[in-house]
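J.: Numbering (UniProt numbering), first residue to last: 1 to 184.
1) Where do the ends of the beta strand (DSSP E) carrying residue 51 lie?
2) In chain order, what residues of the same chain have a beta carbon less than 6 Å from the beta carbon of residue 168, not counting five sequence neighbours either side?
3) Residue 245 by DSSP, collapsed to three states: which one?
4) Quickly, what does DSSP pair residue 59 with across the bridge? List them, please.
5) Out of 26, 88, 12, point me to the one whose CA is closest to residue 124's CA.
6) Between 29, 161, 78, 128, which has its C-alpha nearest residue 116's C-alpha?
7) In three-state DSSP terms, what is residue 99?
8) By how many angstroms is the C-alpha of residue 24 removed from the C-alpha of residue 71?
9) Please list the terminal residues of the continuous alpha helix (DSSP H) segment that includes residue 145.
10) For residue 16 and residue 162, what's the separation of their Cα atoms in angstroms?
11) Nearest-angstrom Cα distance between residue 120 and residue 88?
12) Could you please give the first and the last residue of the uninterrupted beta strand (DSSP E) stretch that includes residue 44?
13) So the candidates are 34, 73, 92, 13; which of them puts its Cα closest to the Cα of residue 98?
14) Could you compute how far the alpha carbon of residue 133 sits from the alpha carbon of residue 155?
15) In the DSSP output, which residue or residues are listed as bridge partners for residue 94?
16) If you follow the alpha helix (DSSP H) that residue 4 is in, where does it begin and where does it stop?
17) So, with DSSP's three-state summary, where would you put residue 132?
18) Just verifying my parser: in three-state terms, what is the DSSP assignment at residue 34?
19) From 95, 53, 166, pick the residue whose C-alpha is nearest to that of residue 129; which is it?
20) Note down the Cα distance separating residue 158 from residue 52, rounded to an integer number of angstroms.
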């Protein structure tokens with residue numbers, strides 16, 4: 001029985017991780033408002049090492065359409081600016097010598113549709129990951145020996161219940177993100 005609990009816990013953990021990854025992916029998809037999450041994956045070459053931007057500068061959002069980046073070391077300002085340009089985020093950084101300002105342009109209708117498609121792709125990838133976790137759990141279940149068919153069926157149904165729950169959760173997250181993206 002302990003092995004069965006371990007399989008169920010593993011499946012649930014994998015599915016939970018997939019949904020957390022989806023949330024992280026959705027944070028990177030901008031919805032017309034400035035967010036520090038938009039630049040969190042930017043890597044800056046700082047003293048020869050690739051370093052996340054939040055480890056070399058203070059990143060803040062003073063208003064809904066602006067991201068402010070204030071480096072702790074002023075000598076890094078050009079490296080940060082270069083990293084932002086190279087990251088293909090679509091921002092044109094302006095540098096005043098002390099900090100970098102990124103103006104987030106309003107989204108066009110075409111760009112909103114592209115971002116909604118991107119969100120849909122992320123959600124579909126997450127659903128595939130959830131289904132793969134189900135398959136892995138079922139394979140592990142088949143490997144176990146000496147367990148009655150009734151118990152195996154019950155665990156299979158429980159795994160399917162988890163799958164349905166997490167797929168529905170993905171759909172809800174996608175619906176919320178699409179509404180956020182399409183809101184003008």
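Backbone N, C-alpha and C define an ideal beta-carbon position, used for all residues, glycine too.
From a predicted model like this one, the values you see are computed outputs, not experimental measurements.
T.: This is what the structure gives:
1) In the DSSP assignment, residue 51 falls within the unbroken beta strand (DSSP E) covering 49–52.
2) Around residue 168, the same chain offers no residue with a beta carbon nearer than 6 Å, after the five sequence neighbours per side are excluded.
3) Any property of residue 245 remains undetermined from this structure, which presents the chain solely from 1 to 184.
4) 69
5) Looking from the CA of residue 124, the closest CA among 26, 88, 12 belongs to 26.
6) Comparing alpha carbon positions, the residue from 29, 161, 78, 128 closest to residue 116 is 29.
7) coil
8) 24 Å
9) Where residue 145 is concerned, there is no enclosing alpha helix (DSSP H), given that its DSSP letter is neither H nor E.
10) 10 Å
11) 21 Å
12) 43–46
13) 73
14) 14 Å
15) 101
16) 2–28
17) helix
18) coil
19) 166
20) 41 Å
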